[in-house]
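Here the structure comes first, spelled out in structure tokens, and everything after it is commentary.
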């Protein structure tokens, strides 16, 4: 990636700068916990609009559920060859590497005993870690990855949720510390890598991802994690007022890209970057 594009995506500057936004130091310390609950690539489906088209009701709901079930079954069949060809891809290691690099310059990144990785992303698991963690807060960074409904893109999503160990109002229900209204901060990033020469036929697209030992899918996964690594420092450095300004910019009309809706942001490398109101979505061709 060129120096210009690295700057666009918020890569750390060569000279130290004042920490802003979520990069700033935190009283009591804050640790990083990387989460990857899944063990293999997933497929997504386009949900049925039958219930809406038929005016809703029980019949429309039942038909819609049947359509969704059929689509999910078809998607699972198509993704099997891709999943098999990617069986040796260590997404956990890729997530850990990306997170460590992404948060390296955060002034609060305090290592803790017991490691910074888990496959338990449940509220109970997060709550238990908050209690065992000597720091006042924990940044839970969860990664998920899948193929789009039409198999024309591979997507990696990074969700950041910062929770406090002490929330007096939920003393008797500690898992509520992970509820959105009690979080110290939440943000998300998504990297969408488009399949070269994709078609409108999901069967043909799935075959392209699986071909040659899933060569394209492997490259897309690596590219997605790299793009997230570049985007994260930019998101962390943003102040709440900067985020609010992007969200409130009604003159910048929202548009759809990569299956996500957001306000387009300027880039210098020809990719599409959206602001969703809670983070960025990067949509790019496979390099």
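Numbering (my numbering), first residue to last: 350 to 636. Ideal Cβ positions, reconstructed from N, Cα and C, are used throughout, including at glycine.
Do residue i and residue j have their C-beta atoms closer together than 7 Å?
| i | j | result |
| --- | --- | --- |
| residue 611 | residue 623 | yes |
| residue 484 | residue 379 | yes |
| residue 533 | residue 486 | yes |
| residue 459 | residue 563 | no |
| residue 630 | residue 490 | no |
| residue 626 | residue 604 | no |
| residue 472 | residue 524 | yes |
| residue 470 | residue 510 | no |
Using a Cβ-Cβ cutoff of less than 8 Å, which residues in the same chain neighbour residue i once the five nearest sequence positions on both sides are dropped?
| i | result |
| --- | --- |
| residue 497 | 393, 503, 504, 541, 607 and 608 |
| residue 544 | 500, 501, 502, 503, 554, 557, 558, 565, 569 and 635 |
| residue 367 | none |
| residue 425 | 392 |
| residue 468 | 384, 385, 386, 388 and 441 |
Only counting the same chain, and skipping five residues up and downstream in sequence, which positions put a Cβ closer than 7 Å to that of residue i?
| i | result |
| --- | --- |
| residue 526 | 476, 479, 512, 513, 516 and 519 |
| residue 548 | 554 |
| residue 370 | 585, 586, 587 and 588 |
| residue 398 | Here the model assigns residue 398 a pLDDT of 40, short of 50, so the residue's position is not dependable, and the following value carries that caveat. Correct list: empty, nothing qualifies. |
| residue 457 | 374, 375, 378 and 379 |
I believe residue i touches residue j by the beta-carbon criterion, under 8 Å. Please report the beta-carbon distance rounded to the nearest angstrom.
| i | j | result |
| --- | --- | --- |
| residue 385 | residue 492 | 5 Å |
| residue 632 | residue 616 | Wrong, their Cβ atoms sit about 10 Å apart, outside the cutoff. |
| residue 628 | residue 537 | 4 Å |
| residue 372 | residue 465 | Residue 372 to residue 465, Cβ: 18 Å. No contact. |
Within its chain, find whatever has a CB closer than 6 Å to the CB of residue i; leave out the 5 residues flanking it on each side and keep chain order.
| i | result |
| --- | --- |
| residue 638 | Residue numbering for the chain in the displayed model covers 350 to 636; residue 638 lies beyond these limits and cannot be assessed. |
| residue 500 | 551, 554 and 555 |
| residue 614 | 622 and 624 |
| residue 434 | 559, 562 and 563 |
Give me the DSSP bridge partner(s) of residue i.
| i | result |
| --- | --- |
| residue 536 | 509 |
| residue 547 | Residue 547 is not bridged to any residue. |
| residue 491 | 384 and 508 |
| residue 612 | 624 |
| residue 437 | Bridge partners of residue 437: none, in fact. |
| residue 521 | None, per the DSSP bridge assignment. |
| residue 634 | 543 |
| residue 502 | 543 |
| residue 604 | 611 |
| residue 496 | 392 and 503 |
| residue 379 | 458 and 486 |
| residue 466 | 383 |
| residue 629 | 538 and 624 |
Can you determine whether any heavy atom of the ligand SAM sits closer than 6 Å to the C-beta of residue i, and answer yes or no?
| i | result |
| --- | --- |
| residue 523 | This structure simply doesn't include the ligand SAM, nor any ligand for that matter. |
Query raised in the report: Are there three or more Cβ pairs, one per stretch, closer than 8 Å when the stretch 569-577 is compared with the stretch 438-447?
Result: yes
Query raised in the report: Are the stretch 585-604 and the stretch 493-508 touching, with three or more C-beta to C-beta distances below 8 Å?
Result: no
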